[in-house]
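According to full-length UniProt numbering, the sequence shown holds residues 1 to 645 in order. Notes follow the structure.
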Amino acid sequence: MSPNFSRRARGELQSTRDPNSPPNLLVVLLLPRPDTEQEHARTYGARSPHCISIPAIGPAVTMRRRVALCLVLFAFAGLHAAAVEAVTLSTSSRWIVDDEAGGRRVKLACVNWPSHLEPVVTEGLGMQPVDAISKKVASLGFNCVRLTYPIALATNASLSSLTVRRSLLAHGLAGAVAGVEANNPGLLDLTLIESFRAVVDSLGESGVMVILDNHVSRPGWCCADDDGNGFFGDRHFVPDAWVRGLGAMAALFAGVPNVVGMSLRNELRGPRQNADDWYRYMQMGAEAVHAANPAALVIMGGLGYDTDLSFLAARPVDVSFAAAERGKLVFELHWYSFADARAWESEDANEVCGRVARGVARRGGFLLDAGFPLFLSEFGADTRGGSRKDDRYLPCAAAVAAELDLDWALWALQGSYALRQGVAGADEVYGVLDWSWSKPRNATALSRIQSLQRPLRGPGYDEARPYTVLFHPLTGRCVVRRAADDAAAAAATLELGRCEDTDAWAYTQPASTLAMRGAGRGSPPLCLRAEGSGRPARLATSDAGGCRGDALSTWRLVSGSTMHVAVNATTTTTPSRDGCGGLLCLDVGDDGRSVVTNPCRCLDDAAAAGECDPETQWFKLVTSTRSPATGAAAAATVARGLIAA
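Below is the structure:
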């Protein structure tokens with residue numbers, strides 16, 4: 001189920017301001033601020049706009065800050081007066097749920113869209129119309145965007161009051177100005193904060209949720225240990241200003257229907273990082289956001305470039321809203337191949353996958369068992385292919401994401417940047433879209449990610465008793481059977497297909513059988529059986545002796561990745577030539593579709609030296625409680641990755 005946003009007449013956001021006149025939005029943030037109620041009344045009159053208070057962050061929040069925030073809110077209120085229906089997400093144990101849908105799970109299947117680089121203009125506005133980009137996001141199955149911004153957008157009026165045109169020209173980007181004028185003329189002479197809001201609104205019109213992510217303090221590419229943006233007290237990272245900025249952004253977007261959460265800070269890092277300051281300031285930031293917008297999810301990242309939340313095992317977060325009936329606290333984690341690049345490139349991929357997955361569990365996955373949602377807010381890979389580390393890492397990461405049924409945000413939407421690290425028009429090889437933002441860069445790679453968009457379990461999805469899905473992370477497909485009718489089930493061909501179309505499997509211990517639940521009412525289970533090297537795996541009926549006690553129906557997880565699903569065929573087949581004895585593993589046939597068994601690969605010395613790629617033989621046993629999609633139900637299964645109705 002995707003949250004419903006009421007559609008509204010949005011009108012053009014074209015500015016009536018002379019492009020050469022000084023912009024006025026948010027200038028109040030740097031104006032002299034009255035410190036008394038009397039001075040406030042003299043300066044602004046008795047009819048000041050209603051404002052949202054921000055909690056104290058040490059000394060009491062002064063009247064001048066409240067005045068500035070009120071005027072910002074007033075300015076924003078004038079942009080769109082039409083009322084809209086808000087969407088409110090909360091947490092229920094480890095799940096994110098929709099309050100207005102009876103607590104039904106909403107799985108965040110997001111993509112990152114940057115607005116934090118030097119021009120502070122949302123990427124792509126010079127390439128395609130913003131509404132076309134928003135519609136593309138939705139059409140590709142993403143129900144959410146993690147929209148990045150620098151904290152200076154909320155705290156530095158000299159920056160936020162620049163127009164898009166002036167900011168781009170200030171960075172020598174005349175070509176980008178021409179692109180915005182051609183594709184988004186109504187945005188060109190808006191201020192940076194107005195154009196940012198216009199992007200949020202456009203996403204809402206396409207039914208896409210938004211998580212506002214404070215990526216950096218000073219605009220620019222992220223990240224490095226010494227960039228001054230890494231940790232509290234760094235030269236560009238003033239904690240007091242950061243907390244004020246979070247509160248201001250939360251207040252500005254409170255009530256905007258599709259803004260469902262705020263990520264406090266991206267990738268804390270560097271030599272100053274420590275847990276004590278993390279608790280001190282992150283808790284302040286969380287309180288500021290919650291006070292300004294109690295409806296928003298508050299998302300907290302850890303240390304070490306958002307790779308480490310392990311310190312929370314010993315000391316939980318202490319915020320005033322932690323024990324609220326409707327939870328709001330979510331934690332986030334990042335995972336890329338380059339964190340373990342040498343291992344992925346030169347070691348046994350099975351062992352690396354298993355070891356890194358255990359590390360992810362130790363550094364953040366434990367929070368799921370503790371009753372908190374864990375948002376994998378950045379992961380991704382070079383979509384061009386040919387990178388050994390990425391080609392091994394991504395199927396491993398997809399397997400973990402499927403096994404845990406994580407909420408996630410892919411890096412990244414953009415196919416190119418207006419300006420990145422001094423390069424105009426820089427390409428983004430991790431991008432979902434191509435350089436021109438007109439089409440997917442790699443449709444095959446994208447389809448693997450799209451398989452993770454659909455929820456497998458959680459509140460509102462207890463449609464069946466738990467069963468096993470045979471997920472193939474390299475392709476993003478699942479093992480399904482192709483049969484004309486139930487009577488032909490035992491003779492069905494097994495192949496890779498949409499995971500929505502899977503039957504219900506059961507992996508039974510200690511017998512180690514993989515059995516498909518009866519194809520029809522009263523039918524016996526069908527068990528998976530190997531028929532020999534290079535031959536299709538088939539289904540056998542249990543009453544024909546095709547399951548228990550049959551070596552070719554006894555499936556074990558035999559590698560460090562726990563994804564080689566194998567039978568021991570030593571007594572019936574010739575030993576494997578790669579040193580793996582008589583083990584036969586599930587594999588993908590030469591047609592790229594059929595499910596066969598072949599001698600297990602990458603369990604020998606070549607694997608230990610990192611010279612073997614096992615990914616085609618990786619099958620992850622994943623738990624689901626969705627209705628198995630058989631017969632008529634399969635046709636009715638929702639193919640998109642949004643939360644199914």
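C-beta: ideal position from N, C-alpha, C; glycine also.
Assign residue i to one of three DSSP states: helix, strand, or coil.
| i | result |
| --- | --- |
| Phe196 | helix |
| His236 | coil |
| Ile151 | coil |
| Trp505 | strand |
| Tyr393 | helix |
| Trp278 | helix |
| Gly549 | coil |
| Asp405 | coil |
| Cys353 | helix |
| Phe379 | strand |
| Asp201 | helix |
| His472 | strand |
| Val558 | coil |
| Glu495 | strand |
| Ala248 | helix |
| Ser158 | helix |
| Arg165 | helix |
| Trp618 | strand |
| Asp605 | helix |
| Arg326 | coil |
| Ala398 | helix |
| Val61 | Residue placement at Val61 cannot be trusted, given a pLDDT of 37 that sits under 50; what the coordinates show is reported in the next sentence. In this structure, Val61 counts as coil in the three-state DSSP scheme. |
| Val432 | coil |
Less than 6 angstroms between C-beta atoms, sequence neighbours within five positions excluded: which residues of the same chain meet that for residue i?
| i | result |
| --- | --- |
| Val210 | Val145, Leu147, Val200, Leu203, Asn258 and Val259 |
| Ala314 | none |
| Val289 | Leu246, Ala250, Met262 and Val298 |
| Trp242 | Ile151 |
| Val588 | Thr616 |
| Ala381 | Asp390 and Leu394 |
| Ala341 | Lys389 |
| Leu159 | Ala152 |
| Asp131 | Ser202 |
| Arg384 | Val429 |
Where does the unbroken beta strand (DSSP E) through residue i begin, and where does it stop?
| i | result |
| --- | --- |
| Leu539 | Arg538 to Thr541 |
| Ala566 | Val565 to Asn568 |
| Val210 | Met209 to Val216 |
| His334 | Leu329 to Trp335 |
| Pro599 | Val595 to Pro599 |
So, for residue i: in the same chain, excluding its five sequence neighbours on each side, which residues have a beta-carbon less than 8 angstroms away from its beta-carbon?
| i | result |
| --- | --- |
| Arg272 | Gly230, Phe231, Phe232, Gly233 and Asp234 |
| Val238 | Ser217 |
| Asp462 | Thr625 |
Would you say residue i lies against chain D (beta-carbon separation less than 9 angstroms)?
| i | result |
| --- | --- |
| Tyr305 | In the structure shown, chain D cannot be found, because there is only a single protein chain. |
Could you check where the alpha helix (DSSP H) with residue i kicks off and where it finishes?
| i | result |
| --- | --- |
| Met262 | Where Met262 is concerned, there is no enclosing alpha helix (DSSP H), although the beta strand (DSSP E) it sits in stretches over Val259 to Ser263. |
| Phe366 | Phe366 to Asp369 |
| Val180 | Ala174 to Asn183 |
| Ala443 | Ala443 to Gln450 |
| Val87 | Where Val87 is concerned, there is no enclosing alpha helix (DSSP H), given that its DSSP letter is neither H nor E. |
| Trp344 | Ala341 to Ser346 |
Hey, out of the options, whose CA is closest to residue i's CA?
| i | options | result |
| --- | --- | --- |
| Asn293 | Met516, Gln617, Thr88 and Cys602 | Thr88 |
| Ile133 | Ser320, Tyr467 and Val208 | Val208 |
| Leu410 | Gly431, Asp427, Ala402 and Gly425 | Gly431 |
| Ser553 | Ser561, Thr562, Ser559 and Arg538 | Arg538 |
| Asp277 | Val317, Arg465 and Val177 | Val317 |
| Ala109 | Asp189, Val469, Leu413 and Ala511 | Leu413 |
| Arg465 | Thr191, Thr623, Gly228 and Met300 | Thr623 |
| Gly291 | Ala254, Ala540, Thr122 and Gly301 | According to the sequence provided, residue 291 is Ala. The question's Gly does not apply to it. Closest option to Ala291, Cα to Cα, is Ala254. |
| Arg593 | Arg517, Ser139, Glu267 and Leu494 | Leu494 |
| Ser115 | Leu419, Ala551, Asp427 and Asp501 | Leu419 |
Which same chain residues, not among the five before or five after residue i, have their C-beta less than 7 angstroms away from its C-beta?
| i | result |
| --- | --- |
| Leu374 | Phe331, Leu333, Gly364, Gly365, Leu367, Leu368 and Leu406 |
| His50 | Residue confidence for His50 is low, a pLDDT of 34 falling below 50, so the modelled location carries little weight; the figure read from the coordinates is stated next. Same-chain partners within the cutoff: there are none. |
| Ser346 | Gly610 |
| Pro320 | A quick correction: the sequence has Ser, not Pro, at residue 320. Closer than 7 angstroms at the Cβ level, and outside the excluded window around Ser320, lie Glu287. |
| Pro362 | Reading the sequence as shown, one finds Arg at residue 362 and not Pro. Ser310. |
| Glu428 | Ala412, Gln414, Gly415, Ser416 and Tyr417 |
| Tyr305 | Cys223, Glu267, Arg269 and His334 |
| Ala506 | Tyr467, Thr468, Ala515 and Arg517 |
| Glu351 | Gly560 |
Does the Cβ of residue i lie closer than 8 angstroms to at least one heavy atom of the ligand NAP?
| i | result |
| --- | --- |
| Ser627 | The ligand NAP is absent from the structure shown, which contains no ligand whatsoever. |
Would you mind listing the beta strand (DSSP E) stretches within the stretch 94-152 that are 3+ residues and don't spill past its ends, in chain order? 95-98, 109-113 and 144-150
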